[in-house]
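For the sequence shown, UniProt numbering begins at 1 and goes up steadily by one. Just so it is clear, CB atoms sit at the ideal spot from N, CA and C, and this is done for glycine as well. Beneath this line is the structure, given in structure tokens, with notes to follow.
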Amino acid sequence: MNSQDANINLCIIKNDESKKGVLKMQHNNGNVSLSFFKELESDNKGNTRQQKRFSQIPDHVHQLSDFTKIEMDQDDQLILILSGSRCQFKLLFDKQAGISNFFDYICQKVCLKHSDCNPRVFLIESLDSSTTSIAPFMATVLPGRGSKVTPNRISLAKIKESYPMVNFTIDNDVKKMTAEQYRELFDADGKIKEGVGFPSVFYNVDVDPSVAGDLWKIIINKDSEKKNSQERAEDDKKNLEIYSKIKRQWLLTSRKQWDNHTDLRSLVDALEKGIKAQVDLFKGYEHVKEAQTIAFNVLLTISYYNRDHALYCDGLIPFLMPFLEPFVKDAHDNVVVTHDGKEVPVEEAESNIFWCFFKFYDNNKLYDLIKPSKTPTIKTIFTNVGNLLFDNYNPLLELLIQKHAFSLDFLRDDCNAMFSTCLNPCELRRFWMSLLTYPAPFKFYEVFIISLLFSLSPSFVEMNPLNSEEFVHRFHDLKKSLNLNMLLDNSFRLMNQLYPQQQ
């Protein structure tokens, strides 16, 4: 099949009757044709392994240019209706993945503009630089109230009355843990004491930077919880040997290899530009260039270690900072100064950062979030959040819809970056460590999003946006004042309500 073609098994609906078949989408000379071939009945119905047969002549043929809009059915999320001035094409998909594939293909050919008049309608426009196509997960619209239900105006008093467990202000300071308090959690051999409540004891706790690196190594590597300090030190030594071998792959590149290796040159160029663009993240270091060099070495080595999933891409540097900061207070003359005043070889610090960052990155499938056009993880998250709002927090859902937030797309950039867009490295470390205290991090992540919506609901009630674009603009201003302490406090309360067995 040509790369410009795509086939999707589905049904078409006409006169309230559905017909199974395959939709073939073909791109030829600037035109996109949509051809439906019906499925033929099997001659031998008892043979379950018989391959499906389709008619050779299409029952329906349309050009994409025949249609001006795509509408999502109010009652069935698997139905799309393509409409134009002279025709209508009603498609029933087998599953959500089919809709995602359909949108993914269509958005390569045209732009879909979200309609503020109807949240389930997308207008079809020509593809040019002045408009932006929607992402595939935009097929996930927040669950509606139904066309026959009269909307109720949502007030802050109603939200507070409906959800008394949610705090909208918080007076408590962030709990801090000193290096001495941290060490008291371990016995003489360096094992975590029984009854400590690891790892939940670190939820929403600001751990002293001098021991935060050590905590990263334990909380990310679950098998380290039962090891003593000597065993963990042996693991660090082995990890350093492996890191050094990986790093040498690019460090020993000859001039001739460099000249012939265009991919390496492009990778290095992108990485150098990315670090230069994020220079503000390194201003806390006395020797900025040395700290930037450590970040460069770690990210380039990770790119060599796992090209499929961890190859450097724009936006990755803020993810690295919560791991670099606890291991490096400053760096100079090929040594790293730690937060407890010690000096260690720079490669030892790089190895610790490398393994903590990579395992966090890999265990939580961050590559799915950073590159959502290829893998719709964010769509799954938004779908689950929408369902949680519909089933448990309907007034909050109603408030969003009234303010023209018909989908959670306004959270896309922040969720893809795991909120590195609005939290500083220290806050981000506390948030991510809190996330890892739960056995199902993505469930917590979904609840954290709901906590964020609750925290901003007082401002949502007061605003009167005219359309979705104005709502998004106001949201990006509001998120600058987020209180992580309150977000995590409410996330804990909501998790306790929704999933009490995981508390």
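If you measure between the beta carbons of residue i and residue j, is that distance less than 8 Å?
{"i": "Ile246", "j": "Tyr312", "result": "no"}
{"i": "Asp414", "j": "Lys479", "result": "yes"}
{"i": "Pro209", "j": "His339", "result": "yes"}
{"i": "Tyr203", "j": "Ser434", "result": "yes"}
{"i": "Leu112", "j": "Ile99", "result": "no"}
{"i": "Asp333", "j": "Glu286", "result": "no"}
{"i": "Ala295", "j": "Tyr361", "result": "no"}
{"i": "Leu482", "j": "Ser455", "result": "yes"}
{"i": "Ile353", "j": "Val298", "result": "yes"}
{"i": "Cys356", "j": "Phe319", "result": "no"}
{"i": "Val268", "j": "Arg493", "result": "no"}
{"i": "Arg474", "j": "Met486", "result": "no"}
{"i": "Lys484", "j": "Phe431", "result": "Correcting the residue type first, residue 484 is Leu in the shown sequence and not Lys. Yes, they are a contact pair."}
{"i": "Ile37", "j": "Lys24", "result": "It should be noted that the sequence gives Phe, not Ile, for residue 37. Yes, these two residues count as a Cβ contact at 8 Å."}
{"i": "Asp314", "j": "Gly274", "result": "yes"}
{"i": "Lys175", "j": "Val196", "result": "no"}
{"i": "Leu436", "j": "Ile219", "result": "yes"}
Per DSSP, what kind of secondary structure is residue i in: helix, strand or coil?
{"i": "Gln88", "result": "strand"}
{"i": "Ser373", "result": "Low per-residue confidence applies at Ser373: pLDDT is 48, beneath 50, and the placement is therefore not dependable, though the value from the model is reported in the following sentence. Reduced to three states, the DSSP call for Ser373 is coil."}
{"i": "Glu39", "result": "strand"}
{"i": "Leu281", "result": "helix"}
{"i": "Pro326", "result": "helix"}
{"i": "Gln63", "result": "strand"}
{"i": "Val336", "result": "strand"}
{"i": "Glu343", "result": "strand"}
{"i": "Asp206", "result": "strand"}
{"i": "Ala417", "result": "coil"}
{"i": "Phe137", "result": "Here Phe137 scores only 40 on pLDDT, less than 50, and its place in the model should not be relied on; the value that follows carries that caveat. Reduced to three states, the DSSP call for Phe137 is helix."}
{"i": "Glu71", "result": "strand"}
{"i": "Ser33", "result": "strand"}
{"i": "Lys158", "result": "helix"}
{"i": "Ala212", "result": "helix"}
{"i": "Thr132", "result": "Low local confidence applies: a pLDDT of 46 at Thr132 is under 50, so the model's placement there is unreliable, with the coordinate-based value given in what follows. DSSP places Thr132 in coil when its eight states are reduced to three."}
{"i": "Lys227", "result": "coil"}
{"i": "Phe198", "result": "coil"}
{"i": "Phe168", "result": "coil"}
{"i": "Ala270", "result": "helix"}
{"i": "Ala331", "result": "strand"}
{"i": "Asn352", "result": "helix"}
What are the boundary residues of the alpha helix (DSSP H) that includes residue i?
{"i": "Ser303", "result": "288 to 305"}
{"i": "Met486", "result": "484 to 498"}
{"i": "His404", "result": "That residue, His404, is in no alpha helix (DSSP H); it is neither H nor E in DSSP."}
{"i": "residue 557", "result": "The structure shown does not extend to residue 557, since the chain is modelled only from 1 to 503, so the question has no answer here."}
{"i": "Met433", "result": "425 to 435"}
{"i": "Lys443", "result": "441 to 462"}
{"i": "residue 518", "result": "Residue 518 lies beyond the residue range present for the chain, which begins at 1 and ends at 503; the question has no answer from this structure."}
{"i": "Phe471", "result": "468 to 478"}
Starting from residue i, follow the beta strand (DSSP E) in both directions and report where the run begins and ends.
{"i": "Asn28", "result": "17 to 28"}
{"i": "Phe122", "result": "121 to 125"}
{"i": "His114", "result": "111 to 114"}
{"i": "Leu82", "result": "79 to 83"}
{"i": "Ala6", "result": "6 to 14"}
{"i": "Lys256", "result": "Run containing Lys256: none in the beta strand (DSSP E); it sits in the alpha helix (DSSP H), 255 to 260."}
{"i": "Met177", "result": "175 to 177"}
What distance in whole Å lies between the Cβ atoms of residue j and residue i, which are believed to be in contact at a cut-off of 8 Å?
{"i": "Leu240", "j": "Glu348", "result": "6 Å"}
{"i": "Pro465", "j": "Lys158", "result": "Between Lys158 and Pro465 the Cβ distance is about 20 Å, and since that is not below 8 Å, they are no contact."}
{"i": "Leu82", "j": "Ile70", "result": "6 Å"}
{"i": "Phe327", "j": "Gly213", "result": "4 Å"}
{"i": "Glu39", "j": "Lys52", "result": "6 Å"}
{"i": "residue 551", "j": "Phe390", "result": "Residue numbering for the chain in the displayed model covers 1 to 503; residue 551 lies beyond these limits and cannot be assessed."}
{"i": "Ile449", "j": "Asn416", "result": "No, Ile449 and Asn416 are not in contact; Cβ-Cβ is about 12 Å, not under 8 Å."}
{"i": "Gln74", "j": "Arg120", "result": "7 Å"}
{"i": "Ile154", "j": "Val472", "result": "About 19 Å separates the two Cβ atoms, so there is no contact after all."}
{"i": "Asn364", "j": "His404", "result": "With 8 Å as the limit, Asn364 and His404 do not qualify as a contact, their Cβ atoms being about 32 Å apart."}
{"i": "Leu281", "j": "Ile317", "result": "7 Å"}
For residue i, would you say it is in contact with chain C, using Cβ-to-Cβ distances shorter than 8 Å as the test?
{"i": "Gly30", "result": "In summary, chain C is missing from the structure at hand, where a single protein chain is found."}
Do three or more CB pairs link the segment 225 to 237 to the segment 178 to 192 at distances below 8 Å?
-> Contact annotation: the segment 225 to 237 touches the segment 178 to 192, with at least three C-beta pairs closer than 8 Å.
Tell me, please, whether the segment 55 to 65 touches the segment 27 to 34 by the rule of three or more beta-carbon pairs shorter than 8 Å.
-> Contact between the segment 55 to 65 and the segment 27 to 34 is present, because at least three Cβ pairs lie under 8 Å.
Specify whether the segment 5 to 12 and the segment 87 to 95 touch according to this definition: at least 3 beta carbon pairs, one from each stretch, less than 8 Å apart.
-> Yes: at least three Cβ pairs fall under 8 Å.
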